[in-house]
Amino acid sequence: AFDTTSQHQRALTLVLAHVAKSMDSVDRLYNAWLGEELSWLNSNDLMSIAWELALRLPEKQAEIISTQRMRISDPERLRRYDYISRATTPNSEERDALFESLMEPANRRIEPWTATLLSYLNHHLRQDEAVKYIYRGLEEMLEVQRTGDIFFPRNWAGALLGGHTSDEAKAEVERFLNDHPDLNQLLRNKILQAADMRSHKE
């Protein structure tokens, strides 16, 4: 039978992990994750919890990433985990280098992994530091559209912009759109939707 209680617990836990800000909430989540008490979560969910915790507890980032890594037995899942985990580093220079590496198509070959990594580089908790990625990331979106899967530009835009809510981020999007008046309308719409600027005046 379909266990709606577990499904609700799973949904609630994942939402909590994404929005948790108070140290009490983060500590409770950390202790439950560390004690492997989150039995209603699958392996991919637990990886997501580890990434969210690593962002909120930078002093424990290496330990968190290593602990979750030891719990993963599937080789392909481990490859995905290692690829994305790099985005949780508290070192801003390492994050900058990681972002720059995504400008090379060879480094974003597995597009769903790339979108997840990019979303953690632009996580809402780091949006002040990540504003500088927006313009360059939107420029690269033109190349992403040319070389990637049909759905990748939308996913790229969502990952790049989804964590940003500041006026500075909005200004960067507007600057890019103003600098590219001949931008394909479909691409322009994807950017506006990802930036939640659907009321933006053309």
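Once you know that position 181 of the sequence shown is 161 in my numbering, the rest is easy, because the numbers rise by one and skip nothing. Built from N, CA and C at the ideal position, the CB exists for glycine as well. Nothing here was measured: the structure is a model prediction, and the numbers come from that model.
1) Should K1 go down as buried or exposed, given a rule of 16 or more other Cβ atoms within 10 Å for buried?
2) Can you tell me where the alpha helix (DSSP H) with E80 in it begins and where it stops?
3) Name the two residues that bound the continuous alpha helix (DSSP H) containing P133.
4) Return the CA-CA distance between E73 and T127, expressed in angstroms with no decimal places.
5) So that I know if they touch, is there some Cβ in chain C lying closer than 7 Å to that of A42?
6) Decide if M50 is buried, meaning its Cβ has at least 16 other Cβ atoms within 10 Å, or exposed.
7) Suppose the cutoff is 6 Å on Cβ atoms and the five residues either side in sequence are ignored; what does the same chain contact list for A87 look like?
8) Applying the 10 Å Cβ sphere with the 16-neighbour rule, what's the burial state of D147?
9) Once DSSP output is grouped into helix, strand and coil, what is the label at A0?
10) Would you check if the stretch 16 to 31 and the stretch 46 to 64 touch, i.e. whether three or more CB-CB distances between them fall below 8 Å?
11) Check whether the Cβ atoms of K112 and A137 sit closer than 7 Å, and answer yes or no.
12) Taking the C-alpha atoms as reference points, what is the distance between R155 and R8?
13) Can you tell me the Cβ-Cβ gap for Q48 and T68, rounded? I've got them flagged as a contact below 8 Å.
14) Would you say V153 and A175 are within 7 Å of each other, going by their C-beta atoms?
So, to answer that:
1) exposed
2) S72 to S81
3) F132 to L141
4) 27 Å
5) In the structure shown, chain C cannot be found, because there is only a single protein chain.
6) exposed
7) Note on residue identity: the sequence assigns Asn, not Ala, to residue 87. These residues qualify, in order along the chain: S81.
8) exposed
9) coil
10) yes
11) no
12) 42 Å
13) The pair is not a contact, with the Cβ atoms about 11 Å apart (cut-off 8 Å).
14) yes
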